[in-house]
Amino acid sequence: MPDDITLRVNDVERRLSVDPRATLLDVLREQLDLGGTKKGCDQGQCGACTVHADGLRVLACLTLACQAEGRDITTIEGLAGPDGSLHPVQAAFVEHDAFQCGYCTPGQIMSAVACIREGNAGSDAEVREFMSGNLCRCGAYPHIVAAVRQVAGQERKADHARA
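Laid out in structure tokens, this is it:
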């Protein structure tokens with residue numbers, strides 16, 4: 033028997049009827065038509081399904097949709113500005129050519145945004161460690177790290193300027 037839940041996804045509240053066993057990933061893709069969040073391994077090992085729940089990164093394939101009720105969910109579609117301008121991490125990924133096939137890119141970007149927000153982008157090694165749950169079969173890791181470090185450096189400079 034389906035459960036009626038309310039999800040707040042990308043600042044839009046949606047009332048849904050979901051199977052209690054449905055993952056957040058499946059609901060995002062199949063019911064909300066948000067295909068940016070990718071289904072990779074469906075076992076929590078690749079990071080392609082990374083989204084933010086209340087600002088924290090979560091794997092949508094391991095999160096039941098019912099568990100997301102009442103939380104603020106942000107997907108890759110919700111990162112861009114209201115005018116369509118790219119988030120700084122998205123722009124840095126383009127600038128650094130931090131993708132090849134692009135399949136892992138949404139999860140990489142969502143994880144990168146959280147990594148920077150968490151303060152875990154102080155060195156290449158730190159970025160690699162805190163992004164290690166996101167796999168890239170094409171091996172774009174050096175470009176991904178460069179993009180993350182660029183944005184983290186810009187944010188540190190902005191913080192110092194405000195102080």
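Be aware that the sequence shown starts at 33, since it is given in my numbering, and climbs by one per residue. Note that beta-carbon positions come from the ideal geometry of N, C-alpha and C, so glycine has one too. No experiment lies behind these values; they were computed from the predicted model shown.
Practice task
Using the Cα positions of Val50 and Leu64, report the straight-line distance between them to the nearest angstrom.
Solution key: Looking at the two C-alpha atoms, the distance is approximately 11 Å.
Exercise for the section: Would you mind stating whether Lys71 and Ala85 have Cβ atoms separated by less than 9 Å? Expected result: No, the Cβ-Cβ distance between Lys71 and Ala85 is not below 9 Å.
Exercise for the section: For the alpha helix (DSSP H) holding Thr55, just list the boundary residues, first then last. Expected result: Run containing Thr55: none; DSSP gives neither H nor E here.
Exercise for the section: Determine the DSSP secondary structure at Glu101, reduced to helix, strand or coil. Expected result: Note: Glu101 maps to coil in three-state DSSP.
Exercise for the section: Quick one: grab the DSSP three-state call for Leu60. Expected result: Note: Leu60 maps to helix in three-state DSSP.
Handout entry: Rounded C-alpha distance that separates Ala146 from Asp35
Key = For Ala146 and Asp35, the distance between alpha carbons rounds to 30 Å.
Practice task
Starting from Asp156, follow the beta strand (DSSP E) in both directions and report where the run begins and ends.
Solution key: Secondary structure note for Asp156: it is in no beta strand (DSSP E), and the uninterrupted alpha helix (DSSP H) holding it is 156–162.
Problem - Simplified DSSP state of Thr30, which is helix, strand or coil - result: No answer is possible for residue 30: the residues shown for the chain start at 33 and end at 195.
Exercise for the section: Output the boundary residues of the alpha helix (DSSP H) element that contains Ala124. Expected result: Ala124: member of the alpha helix (DSSP H) spanning 120–127, first to last residue.
Exercise for the section: Could you spell out where the beta strand (DSSP E) holding Thr82 opens and where it closes? Expected result: Taken as a continuous stretch (DSSP letters only), the beta strand (DSSP E) holding Thr82 covers 82–85.
Exercise for the section: Below 7 Å CB to CB, which residues in the same chain sit around Thr69 once its five sequence neighbours on both sides are set aside? Expected result: Counting only Cβ-Cβ distances below 7 Å, and skipping sequence neighbours, we find Leu57, Leu60, Arg61, Cys81, Val83, Ala92, Thr107, Ile108, Pro138.
Handout entry: CB contact flag (Leu118, Thr55, <9 Å)
Key = No, Cβ-Cβ distance for Leu118 and Thr55 is not below 9 Å.
Exercise for the section: Note down the Cα distance separating Ile141 from Met33, rounded to an integer number of angstroms. Expected result: Rounded to the nearest angstrom, the two C-alpha atoms are 36 Å apart.
Handout entry: Residue closest to Arg46, alpha-carbon to alpha-carbon, out of Val90, Cys73, Ala123, Glu101
Key = When Val90, Cys73, Ala123, Glu101 are compared, the shortest CA-CA separation from Arg46 is found for Glu101.
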